[in-house]
Amino acid sequence: MESLLEVPVAEHDIGTDPMLPRPFEVRRARHETHDTFTLTLEALDGGPELRFRPGQFNMLYLFGVGEVPISISGNPGTPQSLVHTTRAVGTVTRAMAKLKVGDVVGVRGPYGRPWPVGDCEGSDLVLVAGGIGLAPLRPAIYEVLARRERYGKVVLLYGTRSPADLLFRAELESWRARFDLDVFVTVDRGMEGWRGSVGVVTTLIRRAPFDPQNAVAFVCGPEVMMRYTVEELRKRGIDNDRMYLSMERNMKCGIGLCGHCQYGPTFVCKDGPVYRYDALVDLFVKREV
Amino acid sequence: MDNLVGILEEHPFFNGLDRSYIDMIAGCATNARFDAGSFIFREREDADNVYLLRQGKVALEVFAPNRGAIEIQTLDEGEILGWSWLIPPYQWRFDARAVELTRAIVVDGRCLRGKCEVNHDLGYELLKRFSIMVGQRLDATRLQLIDIYGVPA
Amino acid sequence: MSPSEEFVAEAPVTSLEQGIVDGITGNGGHRGRTVLEREDLDLLFAALAARGFTIIGPTVRDDAIVYDEITTSAELPIGWTDEQSRGGYRLRRRDDEALFGYAVGAHTWKRYLHPPRLMLWRARRNVTGLDIVEQGQEHRPLALIGVRPCELRAIEIQDRVFLGGPYVDPHYGERRRDVLVVAVNCTEPGGTCFCASMDAGPTAREGFDIALTEVIGKRRHFFAVEAGSERGEEICAELSARLVLTAMSPAENEKVDARAARAGRGMSRTVDTTDVSDLLARNAENPRWAHAAERCLTCGNCTMVCPTCFCTTVEDLTDLAGDNAERWRRWDSCFTVDYSYIHGGSVRTSARARYRHWITHKFGTWLDQFGTSGCTGCGRCITWCPAGIDITEELHAVRQTDVGG
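Chain order of the listed sequences is P, X and H. Take any residue in the first sequence, count from 1 to its spot, add 21: that is its number in the working numbering. Take any residue in the second sequence, count from 1 to its spot, add 217: that is its number in the working numbering. Take any residue in the third sequence, count from 1 to its spot, add 158: that is its number in the working numbering.
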């Protein structure tokens, strides 16, 4: 085993410690649902804009409170406005839900393996989103729509708990109105006035209009939802190496050094969060891994 | 009649069923259409039919006082609506309402039950298929129940 | 077991032992070893201090051998050895005055390269947002004396973790660059050692600046000295010029080889690492894990004393006024329930899953992640486990009951 004693070490200055956040200003803060919010950030330090790929995430830092990984949910084509969407489920995110325009957050990133949008040109695309899972898929949708002619059929299947939990509703409606995009939405629980489908999102797969022989699937949502979704997609005839999932684990650093996000032999922060399903098949069914 | 036989033959639900059985089922079948908003059947009514949805969308609903109609599942084209006709007490448990204009093949459940009593092989083939369907509905319902999008309290 | 008479080399018994001797004596013969008399050891200390190093070495405190700042060889654990067994550690007096006649203590050198608590940065809140006013913490160039071959291997392993990935830890990098390593080869195995199975000892082959092997007998007490780097050679050259280091005779070489060979013999434990990564991956549901879980307290001692465990967590603090914030990094352990917490629950809630994760990472997935094993066979986790769980025994049991075997 070769010795690493001669490995050069980066000079210790503010640009190279990967644990140093950059200050970004909140330009928009919007509540999507009762527990989900979106922040639009712009760089404050005059440094380079943060170019990212769909499916990547940033570590967002709230001064004195803490830092959490948050999916980038905006358009990769306009990185000067960095959009993030997340649920307020813990101390840091609940504090972030109260941010207003002009507040400052620290940003580290972008991190992680992205959705292989470019590699899927020529194929049909099936995007299956569950709950907050629509957020990390939205940048992929933007990128596909920007080069729509390079893809076959594009289908978005989106399920969430109830109509009140629907994300990006106006955008969903405008996508649905397009002729070159099929959008199917369902909720687990209906409510008065809801005229859309009721049922779990996996039930949408059976009839989704795509050619299994030539389709790639991107799946994002709670692990339970992804597990059953994958089974339905396989029943439709999509192979394991044509499905991509976005995984999630506890993260403290986002850069593969703290150990927390380990998932089997991988680190979700650098080997994921997007994984091709055939790499996960054995891990996915193991419990407490 | 031939048209109905053709449609039944092609439907995945009846895949592998003997042609003579398909003919038997077609013998109990007619076409029907339901306007948007109309009820196909209601809770507690006798369950005497099974519906093969060809076009449109149907909402299964429960009516609760103070809450009105609560939709529990949406079925659309290609799905089979109704299995209560096969199992005693042959009574619908929920309302089924056409959300939009819906066309269906209606198979007379009573007629079909009679044929199954006489021909147990036909009965077994149908029960096999309906069991699978009920199983799938149960799985989907369980996923709805566990609130996969929620955060544990 | 302390040698009090001249030790005569015996013929190696196993191919493993032969390999150890070959490793020392093969191709090119002895690597320019010189002799340092015991009474001159402080001249080596002085040479290090003169070059600005603060010396860290083993010393006795609180009935254990720990690592701390020392200035002279008198502070070394002279005449002490350790008796280690599963869940057991105690010191015992030797019947000679060996300076390094013990195996390893609870401390590892990682506390100096990868500090248990480290302030990453301090920031002030101001108009433009946040202002980083201070980064990292000061450190001094350290000379580590008494680094065992297994510990050397552990440092190499951590080099890969912190310096070999897409993101480098600059705090580790700086401390690593400024550290000088004086390794001490083992001359007898400790009670829980199994470095031979992990190919991590008992003799250091590379990765040190200077390596010492202690030879103590009735009449002589000296060290074989070997330089392993330019820095080491420079120091040895100075000491040679002052006749502090002298040439080694064939007889002396033989004594050194004999001790090295003895160290590799009779290790109490072995580990079969054949396909261990696949073995562990396919045995996720092996009932043996429940057996370990019944005893495991998930106290995390093993991760604290392990020289390669590197997991950390981050704490963001602020003062009461909320104007100043600090980010601290501190050691963490995969044995805590919180370690795998996301969205209102933890992924690994059972002790069984946490124990399985640690051993699978140490022997299996570490190999996939970093290209080496995560274990060096130092035996600390066996010694310091209050429940007396032996990682080699667990691995052996899983292999015996391999579900895919």
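For every residue, glycine included, the Cβ atom is placed at its ideal position computed from N, Cα and C.
In the assembly as shown, residue 376 of chain H is an exposed residue. Its beta-carbon has fewer than 16 other beta-carbons within 10 Å. In the three-state reduction of the DSSP assignment, residue 80 of chain P falls in the strand class.
The Cβ-Cβ distance between residue 506 of chain H and residue 309 of chain P falls below 8 Å. In this structure, residue 360 of chain H keeps its C-beta atom at 8 Å or more from the C-beta atom of residue 312 of chain H.
The beta carbon of residue 272 of chain X sits no closer than 8 Å to any beta carbon of chain P.
Per DSSP, the unbroken alpha helix (DSSP H) holding residue 163 of chain P starts and ends at 155–167.
Per the C-alpha coordinates, the member of P:209, P:217, P:147 positioned closest to residue 257 of chain P is P:147. Contact annotation: residue 87 of chain P and residue 483 of chain H have beta-carbon atoms that are not nearer than 8 Å.
Per DSSP, the beta bridge partners of residue 92 of chain P are P:78.
Here residue 194 of chain P is exposed, its C-beta having fewer than 16 other C-beta atoms within 10 Å.
Contacts with chain H (Cβ-Cβ distance below 9 Å) from the region 51–68 of chain P involve 65, 66, listed in chain order.
Sorting P:135, P:206, P:253 by C-alpha distance to the C-alpha of residue 219 of chain P places P:206 at the top. Among the residues of chain H, none has a CB under 7 Å from the CB of residue 130 of chain P; the nearest is roughly 11 Å distant. Listed along chain P, the residues sitting closer than 7 Å to residue 287 of chain X by beta-carbon distance are 211. Taking 8 Å as the CB threshold, residue 271 of chain P lines the interface with chain H. Counting only runs of 4+ residues, the alpha helix (DSSP H) found wholly inside the region 362–402 of chain H occupies 388–399, in chain order.
Of the candidates H:513, H:525, H:240, H:268, the residue whose Cα lies closest to the Cα of residue 489 of chain H is H:268. Near chain P, meaning a CB-to-CB distance below 8 Å, no residue of the region 222–240 of chain X qualifies. For the pair residue 339 of chain H and residue 367 of chain H, the CB atoms are nearer than the 8 Å cut-off. Rounded to whole angstroms, residue 264 of chain P and residue 137 of chain P show a C-alpha spacing of 10 Å. CA-CA distance, residue 399 of chain H to residue 357 of chain H, rounds to 35 Å. Cα atoms of residue 410 of chain H and residue 277 of chain P: separation of roughly 48 Å, rounded to the nearest angstrom. With 16 or more other Cβ atoms from the protein chains shown falling within 10 Å of its own Cβ, residue 288 of chain P counts as buried.
For residue 434 of chain H, there is no enclosing beta strand (DSSP E); the enclosing alpha helix (DSSP H) covers residues 434–440. Within the region 247–290 of chain P, the complete beta strand (DSSP E) runs of at least 3 residues fall at 264–267.
With 16 or more other Cβ atoms from the protein chains shown falling within 10 Å of its own Cβ, residue 531 of chain H counts as buried.
Flagged as an interface residue toward chain X: residue 152 of chain P, by a C-beta distance shorter than 8 Å. Counting along the chain, residue 330 of chain H sits inside the alpha helix (DSSP H) bounded by residues 328–335.
In the structure shown, residue 291 of chain X falls within a strand segment according to DSSP collapsed to helix, strand and coil. Around residue 101 of chain P, no beta-carbon contact reaches into chain H at under 9 Å, the shortest distance being about 17 Å. Contact between residue 221 of chain P and residue 154 of chain P is absent: CB atoms are separated by about 14 Å, not below the 8 Å threshold. Shown here, residue 114 of chain P sits in a helix according to DSSP, grouped into three states. One finds 207, 211, 217, 218, 219, 220, 224 in chain P with Cβ atoms closer than 9 Å to the Cβ of residue 291 of chain X, taken in chain order. Per DSSP, reduced to three states, the secondary structure at residue 276 of chain X is strand. With a cutoff of 8 Å on beta-carbon distance, residue 178 of chain P and residue 208 of chain P are scored as not near each other.
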